[in-house]
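J.:
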Amino acid sequence: MKSFILKTLALFILFSTTSALASSSTYVENAGSSTHKEETYQSQPFTEMVGGFLKSTGIYAFMYPDPDELTVDGKEISDFHKSGGRILMILVTFFLFWLAIRKGFEPLLLLPIAFGGLLANIPIAGIAGADGFLGIIYNMGLANEMFPILIFMGVGAMTDFGPLLSNPKTALLGGAAQFGIFGTLVGAVALTQMGFADFTLQQASAISIIGGADGPTSIFIATKLAPELLGAIAVASYSYMAMVPIIQPPIMRALTTVAERKIKMTTLRHVSRLEKLVFPILVLTLAILVLPAATPLVGAFMFGNFLKESGVVERLNDTLQNSLINIVTIFLGLGVGSKLAAEEFLVPDTMFIMALGIVAFSLGTASGVIMAKIMNLFPGHKVNPLIGSAGVSAVPMAARVSNKIGMEADRTNMLLMHAMGPNVAGVIGSAVAAGVLISLFH
Amino acid sequence: MEENLIIEGFKFMGLGMGTVFLFLAVLILMINLMSVITHKFFPEPKANNTNTANAKQDNKKVIAAISAAITHHKQS
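Those protein sequences? They're chains A and B, same order as listed. For the first sequence, the numbering used here assigns the number 156 to the initial residue and increments by one for each residue that follows. For the second sequence, the numbering used here assigns the number 341 to the initial residue and increments by one for each residue that follows.
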């Protein structure tokens with residue numbers, strides 16, 4: 156026993172000396188490259204100490220910004236973005252808190268994003284920098300597009316394709332609503348053309364995907380095509396998604412007559428379990444054949460859905476729907492928040508992105524409704540045009556809006572389940588549209 | 341170069357919307373095909389229909405009773 160203790164002790168001493176040697180050698184290397192200066196403490200008069208400390212306060216940093224501070228990718232930052240801009244951004248994050256808490260705007264994502272934004276605008280600490288924890292989170296899962304994919308798995312596990320399977324033709328409505336994406340793309344390049352903004356085609360595509368009304372897809376595309384616009388795109392995407400009950404109804408009412416709103420749809424047929432089980436494989440097979448570029452999104456989505464419908468992996472299904480998506484949502488929100496740093500967010504582009512985002516939502520809503528009216532010109536079961544607006548994804552909010560407007564016209568007309576069909580088809584539609592955009596640039 | 345950008349945008353739109361619609365159209369066909377096949381070869385064991393019909397009628401009775409109660413309550 157005694158010898159054992161001695162041996163352990165000897166090993167411990169040996170190990171600590173070698174590690175000490177190793178660390179001292181790295182220290183020498185570091186000093187040589189002078190990337191990281193190790194400050195040795197020197198005794199100094201008390202007044203100097205106080206002065207030095209005062210210079211490291213936030214108040215001083217806001218008033219006299221550090222001229223040598225650079226962005227993450229080594230660009231210079233203007234004085235405004237280091238002083239007043241930061242304060243302004245902190246106020247913006249307070250506004251986002253208010254939207255999330257008081258107005259209930261997608262609080263699950265908007266709160267982490269806004270708090271991340273608040274942290275990212277703290278001077279000196281450099282939380283959003285490459286070594287700060289927000290920067291680490293960003294590089295860990297956003298820069299490589301990992302988090303949106305994980306979220307998609309969870310969303311897949313939460314999605315029920317039953318309504319779509321029982322009335323497949325409503326999938327066309329989910330397709331039509333993607334017009335919002337491409338219409339906005341044209342709008343964005345037109346803005347550039349007219350000289351108001353300066354968007355490249357990549358940036359225009361990343362902005363237009365807001366019209367897909369699908370947070371993870373927007374983030375996925377933005378990190379791939381225009382990471383510099385990620386913050387604005389994510390904030391626009393999630394805040395407009397939360398505003399669906401405000402944006403959509405006027406458009407839906409303007410485009411439909413009362414008689415159309417009263418259309419009753421035939422009851423949905425029962426969908427067998429086997430159909431639900433085959434469906435994810437079917438979609439994935441199609442994606443493989445037609446558009447492999449969309450398979451990261453579609454594949455993750457269908458993986459989640461397949462686990463759910465298989466019915467034999469309840470534990471995994473439960474994890475995807477709850478723990479995993481919750482954890483990833485926290486990281487995703489904070490990571491996106493790191494892009495709310497003043498120097499990246501307080502630029503004219505942000506204003507255009509906000510404006511284009513609402514155009515995208517409105518266009519998508521309108522084209523979904525119009526598509527439903529076109530479908531009614533053909534023989535067959537009539538479609539209530541109100542469910543067309545649900546094609547913009549934004550599950551399940553858009554379907555609830557359809558239901559609500561339908562109930563206003565006729566209190567016995569329940570459209571919710573009918574609207575879920577185009578709603579989930581919209582998710583597939585946006586993923587396909589995203590795949591097209593990716594394949595065009597690679 | 342100036343003119344190109346908008347035309348480029350429209351090209352994207354054509355290709356994108358075309359692909360989305362094609363994808364969903366094929367998907368609709370496949371779903372219909374699949375449902376025909378599954379119903380033909382793998383029919384689900386049917387629950388006895390009479391029961392569900394009875395349940396529906398019961399529901400209607402309950403709804404009628406509730407609405408009668410509500411109107412009564414409103415009148416009084």
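Beta carbons are placed, not taken as given, at the ideal position from N, Cα and C, and that holds for glycine.
1. Would you verify that the beta carbon of S407 of chain B is, or is not, closer than 8 Å to some beta carbon of chain A?
2. If you follow the alpha helix (DSSP H) that A397 of chain A is part of, which residue opens it and which one closes it?
3. How big is the Cα-Cα spacing for G309 of chain A and M204 of chain A?
4. Less than 7 Å between C-beta atoms, sequence neighbours within five positions excluded: which residues of the same chain meet that for Q476 of chain A?
5. Which residues, in order along the region 462-485 of chain A, keep a beta-carbon less than 7 Å from a beta-carbon of chain B?
6. In chain order, what residues of the same chain lie with their CB nearer than 7 Å to the CB of K494 of chain A, ignoring the 5 residues before and after it?
7. So, does the region 357-365 of chain A touch the region 499-511 of chain A, judging by three or more C-beta pairs under 8 Å?
8. In the structure shown, what three-state DSSP assignment does E415 of chain A receive?
9. Report the rounded CA-to-CA distance for G584 of chain A versus K380 of chain B, giving the unit in angstroms.
10. To the nearest angstrom, report how far apart T378 of chain A and M353 of chain B are at their CA atoms.
11. In the DSSP assignment, find the unbroken alpha helix (DSSP H) run with I508 of chain A in it and report its ends.
12. Evaluate the contact criterion for the region 402-412 of chain A versus the region 359-366 of chain B: three or more CB pairs, one atom per stretch, below 8 Å.
13. Are G492 of chain A and I304 of chain A closer than 8 Å when you measure CB to CB?
14. Tell me whether the beta-carbon of G519 of chain A lies closer than 8 Å to the beta-carbon of A389 of chain A.
15. What number of angstroms, rounded off, separates the C-alpha of I306 of chain A from the C-alpha of T378 of chain B?
16. Just to confirm the assignment, what range does the alpha helix (DSSP H) spanning P267 of chain A have?
17. Are V582 of chain A and S548 of chain A close, meaning C-beta to C-beta below 8 Å?
18. Are the CB atoms of R416 of chain A and I560 of chain A nearer to each other than 8 Å?
19. Does the CB of F334 of chain A have a neighbour CB from chain B at under 8 Å?
20. With a threshold of 6 Å on Cβ separation, who are the neighbours of G330 of chain A within its own chain once the five nearest residues in sequence on each side are excluded?
21. When every heavy atom of the ligand GTP is checked, does at least one fall within less than 7 Å of the C-beta of L364 of chain B?
22. From the beta carbon of P447 of chain A, is the nearest beta carbon of chain B less than 8 Å away?
23. Counting only Cβ pairs nearer than 8 Å, list the residues of chain B close to G329 of chain A.
24. Would you mind telling me which residues of chain A sit closer than 8 Å to I368 of chain B, beta carbon to beta carbon, in chain order?
25. On the DSSP letters alone, give me the boundaries of the alpha helix (DSSP H) that G317 of chain A sits inside.
26. Quick check on DSSP: helix, strand or coil for E203 of chain A?
27. Pull up the DSSP beta-bridge partners for L225 of chain A, would you.
28. At what residues does the alpha helix (DSSP H) containing I463 of chain A begin and finish?
29. The alpha helix (DSSP H) that contains D473 of chain A, what's its start and end?
30. Taking CB distances under 8 Å as the criterion, tell me whether L356 of chain A reaches chain B.
31. Can you tell me whether DSSP reads I346 of chain B as helix, strand or coil?
32. Spatial neighbours of H573 of chain A within its chain, please: CB distance less than 6 Å, with the 5 preceding and 5 following residues excluded, ordered by chain position.
33. Rounded to whole angstroms, how far is the Cβ of A496 of chain A from the Cβ of Q403 of chain A, which I believe are closer than 8 Å?
34. What span of residues does the alpha helix (DSSP H) with E300 of chain A cover, start to end?
35. Using CA atoms only, rank isn't needed, just tell me which of A:M530, A:N578 and A:V483 is closest to Y293 of chain A.
36. If you draw a straight line from the C-alpha of P200 of chain A to the C-alpha of L209 of chain A, how long is it?
T.: Working from what's here:
1. False, the Cβ-Cβ gap to chain A never drops below 8 Å.
2. L385 to A397
3. 53 Å
4. G309, A312 and M313
5. none
6. L385 and G386
7. Of all C-beta pairs linking the region 357-365 of chain A to the region 499-511 of chain A, three or more are shorter than 8 Å, placing the two stretches in contact.
8. helix
9. 29 Å
10. 21 Å
11. P503 to N531
12. No: the two stretches stay apart, fewer than three of their Cβ pairs being nearer than 8 Å.
13. no
14. no
15. 31 Å
16. That run of the alpha helix (DSSP H) goes P262 to A275.
17. Against a cut-off of 8 Å, the Cβ pair of S548 of chain A and V582 of chain A comes out as a contact.
18. Yes, Cβ-Cβ distance for R416 of chain A and I560 of chain A is below 8 Å.
19. yes
20. Taking G330 of chain A as the centre and dropping the five residues before and after it, the same chain places the C-beta of G584 closer than 6 Å to its C-beta, in chain order.
21. Inclusion of the ligand GTP in the displayed structure is not the case, the ligand content being empty and no account of it being possible.
22. no
23. By Cβ distance, chain B contributes L364.
24. P323, K324, A326 and L327
25. G317 to S321
26. helix
27. According to DSSP, which records beta bridges pairwise, L225 of chain A is partnered with A:E231.
28. In the sequence as displayed, the identity of residue 463 of chain A is Lys instead of Ile. That run of the alpha helix (DSSP H) goes T450 to S465.
29. Note, D473 of chain A: alpha helix (DSSP H), E469 to T474.
30. yes
31. helix
32. So the qualifying residues of the chain are M420 and I542.
33. 32 Å between Cβ atoms; not a contact.
34. From DSSP, E300 of chain A is part of no alpha helix (DSSP H); its letter is neither H nor E.
35. A:V483
36. 14 Å
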